[in-house]
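Below you'll find the structure, written out as structure tokens, and then a few comments.
In UniProt numbering, the protein residues as written are 1 to 320.
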């Protein structure tokens, strides 16, 4: 399995939570240089509007880096205007603005050769009972997604679901809801970004989530990272859930996945560039572990073997 590794260059920028700043702000020029120097990196994921306010500058930096653009990540959560939601904002003018931003991101993505927009609507949700009108919110989300994605059929729009953060409840919290939304909208270019960490905090099995999305023809893009299932910590894949990472790669390969794997890994302590370097090393090592385990044997375990025997086989493979 040959992986296509993409660096989310926004993660090389400032990183802070509500208590502490962990990483300082870094200009796009420097972040692109850093991404280009990461061994094994094939592409970058750029953020609109933060990285693409000057598209000619961004294009020049991408060309100089020698990397492809895997996707444009639409940020509709940070700006003050999205405080009450983006695609589900009660103000129709704000909803129209969110759709316009999505359409602009689609145009930029086509211009940069990615033809992929990934969007995580983190401000579309609620925090309290009786805070929002669920009927309206669902209808507004479907209408907005249709209005945005129908802008052009040559660019895929990939919804990145998440159970919580920034809202305590988000309108697209899991794989099932997201696939249902895509089905209701009914456009072929609307699909799913399967963020492995988001699947974990939704208490999903990431491999099953990927299988569902693939079966629906909606598997568009993948983010890899890890966490403890309690919060989206965005740590190096395999640091906690080793077998879930191996299993997800096994199913991606079985399904013939040829798309990007983008790495959503934040670094509180240490060098973010080294964290991405280590992430790519880990992902390549996980593929090597699949080779050691034998895909045929793994399929045999799935089909015929007792679970305890399967677990013993996996553990023995690590230590032999």
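From the three backbone atoms N, C-alpha and C, an ideal C-beta is built for every residue, glycine too.
Bear in mind that the values here come from a model prediction, so they are computed numbers and not experimental data.
For residue 262, which of 33, 21 and 118 has the nearest alpha-carbon?
Within the chain shown, residue 262 is the residue found at index 262, counting from 1. Answer by Cα proximity: 118.
May I have the straight-line CA-CA distance separating residue 184 from residue 142, to the nearest angstrom?
One-based indexing of the chain shown puts residue 184 at position 184. One-based indexing of the chain shown puts residue 142 at position 142. Residue 184 and residue 142: Cα-Cα distance of roughly 7 Å.
Does the distance from the CB of residue 227 to the CB of residue 197 come in under 8 Å?
Position 227 of the chain shown, counting from 1, holds the residue named residue 227. Position 197 of the chain shown, counting from 1, holds the residue named residue 197. For residue 227 and residue 197, yes; Cβs fall inside 8 Å.
Counting beta carbon pairs with one atom in the region 80–93 and one in the region 39–54, are three or more of them shorter than 8 Å?
No, the region 39–54 does not touch the region 80–93.
Cβ atoms of residue 251 and residue 216: under 8 Å apart, would you say?
Within the chain shown, the letter at position 216 stands for residue 216. Within the chain shown, the letter at position 251 stands for residue 251. Not closer than 8 Å, so no.
How is residue 22 classed by DSSP in three states: helix, strand or coil?
Here residue 22 corresponds to residue number 22 of the chain shown, with the count starting at 1. It is a strand residue.
In this structure, does DSSP put residue 269 in helix, strand or coil?
Residue mapping note: residue 269 aligns to position 269 of the chain shown, counting from 1. It is coil, neither helix nor strand.
Between residue 59 and the rest of its own chain, which residues show a CB-CB distance below 7 Å, the 5 nearest in sequence each way excluded?
Indexing the chain shown from 1 puts residue 59 at position 59. Result list for residue 59: 112, in chain order.
Our contact map puts residue 204 next to residue 174 with C-beta atoms below 8 Å; I'd like the distance itself, whole angstroms only.
The residue given as residue 204 occupies position 204 in the chain shown. The residue given as residue 174 occupies position 174 in the chain shown. Yes, they are in contact, since the Cβ atoms of residue 204 and residue 174 sit about 7 Å apart, within 8 Å.
Let me know the alpha helix (DSSP H) ranges lying completely inside the region 166–191, each 4 residues or longer, listed in chain order.
DSSP runs (the alpha helix (DSSP H)) wholly in the region 166–191: 175–185.
Residues in its own chain within less than 8 Å of residue 24 by CB, not counting five upstream and five downstream?
If you number the chain shown from 1, residue 24 lands on position 24. Closer than 8 Å at the Cβ level, and outside the excluded window around residue 24, lie 14.
Taking the beta strand (DSSP E) that residue 8 falls in, what are its first and last residues?
In the chain shown, residue 8 corresponds to position 8, counting from 1. Segment 5–8, the beta strand (DSSP E) holding residue 8.
Determine the closest residue to residue 191 out of 96, 131 and 172, with distance taken between C-alpha atoms.
Counting from 1 along the chain shown, the entry for residue 191 is found at position 191. Nearest of 96, 131 and 172 to residue 191, Cα basis: 172.
Can you give the beta carbon distance from residue 156 to residue 116, rounded, assuming they're within the 8 Å contact cut?
Here the question's residue 156 lines up with position 156 in the chain shown. Here the question's residue 116 lines up with position 116 in the chain shown. About 5 Å; that satisfies the 8 Å criterion.
What's the gap between the Cα of residue 279 and the Cα of residue 237?
As a working mapping, residue 279 is identified with position 279 in the chain shown. As a working mapping, residue 237 is identified with position 237 in the chain shown. Straight-line Cα distance between these residues: approximately 7 Å.
Rounding to the nearest angstrom, what Cα-Cα distance links residue 348 and residue 222 in this structure?
The requested residue 348 does not occur in the structure, where the chain is confined to residues 1 to 320.
Report yes if the CB atom of residue 356 is closer than 8 Å to the CB atom of residue 239, and no otherwise.
For the chain, the structure presents residues 1 to 320; residue 356 sits outside this window and is missing.
What span of residues does the beta strand (DSSP E) with residue 118 cover, start to end?
Start at 1 with the first residue of the chain shown, and residue 118 comes out as number 118. Per DSSP, the unbroken beta strand (DSSP E) holding residue 118 starts and ends at 116–119.
Would you call the region 265–275 and the region 292–306 touching, i.e. three or more CB-CB distances under 8 Å?
Inter-segment contact for the region 265–275 and the region 292–306 is absent: fewer than three beta-carbon pairs are separated by less than 8 Å.
For residue 109, I'd like the list of residues in its chain whose CB is within less than 8 Å of its CB, leaving aside the five on either flank, ordered along the chain.
Within the chain shown, numbered from 1, the residue matching residue 109 stands at position 109. Only 69, 71, 72, 115, 116, 117 and 155 meet the Cβ criterion.
Can you tell me which of 219, 54 and 207 puts its alpha carbon nearest to the alpha carbon of residue 28?
Here the question's residue 28 lines up with position 28 in the chain shown. Closest option to residue 28, Cα to Cα, is 54.
Assuming residue 167 and residue 125 form a contact by the criterion Cβ under 8 Å, report the distance between their Cβ atoms to the nearest whole angstrom.
In the chain shown, counting from the first residue as 1, residue 167 sits at position 167. In the chain shown, counting from the first residue as 1, residue 125 sits at position 125. Rounded, the Cβ-Cβ distance is 3 Å, consistent with contact.
For residue 287, collect the residues of the same chain with a Cβ closer than 6 Å to its Cβ; drop the 5 residues on either side in sequence, then sort them by chain order.
The residue you call residue 287 lines up with position 287 of the chain shown. Excluding sequence positions up to five before and after residue 287, its CB lies within less than 6 Å of the CB of 1, all in the same chain and listed in chain order.
Who are residue 194's beta bridge partners in DSSP?
By 1-based counting over the chain shown, the position of residue 194 is 194. As DSSP reads the structure, residue 194 sits in a beta bridge with 222.
Report the rounded CA-to-CA distance for residue 182 versus residue 319, giving the unit in angstroms.
Taking the chain shown and counting its residues from 1, one reaches residue 182 at position 182. Taking the chain shown and counting its residues from 1, one reaches residue 319 at position 319. One C-alpha to the other measures close to 44 Å.
Starting from residue 160, follow the beta strand (DSSP E) in both directions and report where the run begins and ends.
By one-based count along the chain shown, residue 160 stands at place 160. Run containing residue 160: 156–160, per the beta strand (DSSP E) assignment.
Quick check on residue 315: buried or exposed, where buried means 16 or more other Cβ atoms within 10 Å of its Cβ?
Mapped onto the chain shown, residue 315 falls at position 315. Classification for residue 315: exposed.
Cβ of residue 41 within 8 Å of Cβ of residue 7?
Stepping through the chain shown from its first residue, residue 41 is reached at position 41. Stepping through the chain shown from its first residue, residue 7 is reached at position 7. Contact: yes.
Tell me the rounded alpha-carbon separation between residue 158 and residue 193.
The sequence position of residue 158 within the chain shown is 158, counting from 1. The sequence position of residue 193 within the chain shown is 193, counting from 1. Straight-line Cα distance between these residues: approximately 5 Å.
Considering just the uninterrupted stretch of the beta strand (DSSP E) at residue 70, what are its terminal residues?
Your numbering for residue 70 matches position 70 in the chain shown. Start and end: 68–74.
Provide the residue span of the alpha helix (DSSP H) that contains residue 319, from first to last.
One-based indexing of the chain shown puts residue 319 at position 319. Per DSSP, residue 319 belongs to the alpha helix (DSSP H) from 307–319.
If I follow the unbroken alpha helix (DSSP H) through residue 204, where does it start and stop?
Position 204 of the chain shown holds residue 204. Where residue 204 is concerned, there is no enclosing alpha helix (DSSP H), given that its DSSP letter is neither H nor E.
Between which residues of its own chain and residue 378 is the CB-CB distance below 7 Å, once the five residues before and five after are set aside?
Because residue 378 is not part of the residues shown, which for the chain are 1 to 320, the question remains open.
What do you reckon, are the CB atoms on residue 293 and residue 310 nearer than 8 Å?
For the purposes of this step, residue 293 is taken as residue 293 along the chain shown, with counting starting at 1. For the purposes of this step, residue 310 is taken as residue 310 along the chain shown, with counting starting at 1. No; because the gap between Cβ atoms is not below 8 Å, this pair is not in contact.
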